[in-house]
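All letters in the sequence shown, in the order written, are residues 57 to 240 by my numbering.
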Amino acid sequence: MEDLENIKWLGHASFFFIDENGNRIYYVDPFDLKGRSLEKADLIFITHAHYDHFSPEDLSQVLADQTTIIAPPDILAKIDLPNERKIEVSPNNSYEVKGFKFSTVPAYNTHPDRLQFHPRGNNWVGYIFEMNDKKIYHAGDTDFPPEMAELKNDHIDVALIPMGGKFTMDVSEAIEAANTIAAK
Numbered sequence: 057m058e059d060l061e062n063i064k065w066l067g068h069a070s071f072f073f074i075d076e077n078g079n080r081i082y083y084v085d086p087f088d089l090k091g092r093s094l095e096k097a098d099l100i101f102i103t104h105a106h107y108d109h110f111s112p113e114d115l116s117q118v119l120a121d122q123t124t125i126i127a128p129p130d131i132l133a134k135i136d137l138p139n140e141r142k143i144e145v146s147p148n149n150s151y152e153v154k155g156f157k158f159s160t161v162p163a164y165n166t167h168p169d170r171l172q173f174h175p176r177g178n179n180w181v182g183y184i185f186e187m188n189d190k191k192i193y194h195a196g197d198t199d200f201p202p203e204m205a206e207l208k209n210d211h212i213d214v215a216l217i218p219m220g221g222k223f224t225m226d227v228s229e230a231i232e233a234a235n236t237i238a239a240k
């Protein structure tokens with residue numbers, strides 16, 4: 057698939073995106089960035105409040121004077137920035153920030169052994185980004201909830217799905233999710 061050079065995996069669930077013009081920089085869940093020389097962000101998206109997705113130390117490495125942080129309310133409450141630089145999100149909504157369109161998808165555990173790790177009631181999210189004429193889904197930390205199955209009708213081009221088995225989907229669940237979403 058073309059345009060994948062605009063998506064960079066930074067480790068764990070952390071990704072870096074550049075728009076088609078190369079003039080907007082987006083991060084998702086920046087984590088473990090110490091010692092890296094990275095560009096400053098226009099937008100930073102946080103999926104949930106766990107330390108390996110919401111790391112204030114790592115945020116500070118890519119935060120610029122005009123960066124906007126987009127996250128669920130429990131995260132934004134912990135960020136000391138002016139309110140105009142913070143955008144609160146909740147599951148199942150569409151947004152446009154600084155001309156960038158995205159929507160949110162619920163991210164939570166459904167497996168009985170994992171319910172405590174990512175409870176549905178926390179209203180944590182995954183994101184669908186519309187950029188470079190593509191739809192990119194970053195699922196956050198989640199199992200394969202019914203809302204994710206509905207994405208099969210959204211024409212997702214790239215799906216970034218977690219897989220670990222202890223806190224998120226195991227291999228077979230991730231395969232089922234990927235096959236259902238049917239990203240190009």
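Ideal Cβ placement from N, Cα and C applies to all residues, glycine included. Remember, predicted model here, so these are calculated numbers, not experimental data.
Asked                                                                              : Found
D197 beta carbon less than 8 Å from that of H109                                   : yes
Three-state secondary structure assigned by DSSP to T236                           : helix
F101 and Y183 closer than 8 Å at C-beta                                            : yes
Where the beta strand (DSSP E) through L94 begins and ends                         : Counting along the chain, L94 falls outside any beta strand (DSSP E), and DSSP gives it neither H nor E.
A105 to I131 span [Cα, whole Å]                                                    : 6 Å
Cα-Cα separation between P138 and K190, rounded to whole angstroms                 : 31 Å
Inter-residue Cα distance where the pair is Y151 and K157                          : 6 Å
Test: F156 CB closer than 8 Å to a CB of chain B                                   : The chain labelled as chain B is not found in the depicted structure, where only one protein chain is given.
Helix, strand or coil at V227 [DSSP, three-state]                                  : helix
Status (buried if at least 16 other CB within 10 Å, exposed otherwise) for P86     : buried
Contact set for M187: own chain, Cβ-Cβ below 6 Å, skip 5 residues either direction : D75
Supposed contact pair T160 and N178 - C-beta distance, whole angstroms, cut 8 Å    : Actually they do not touch by this definition, with Cβ atoms about 13 Å apart.
Cβ-Cβ distance between L119 and L89 below 8 Å                                      : no
For L207, the three-state DSSP class (helix, strand or coil)                       : helix
DSSP state of E61 mapped onto helix, strand, coil                                  : helix
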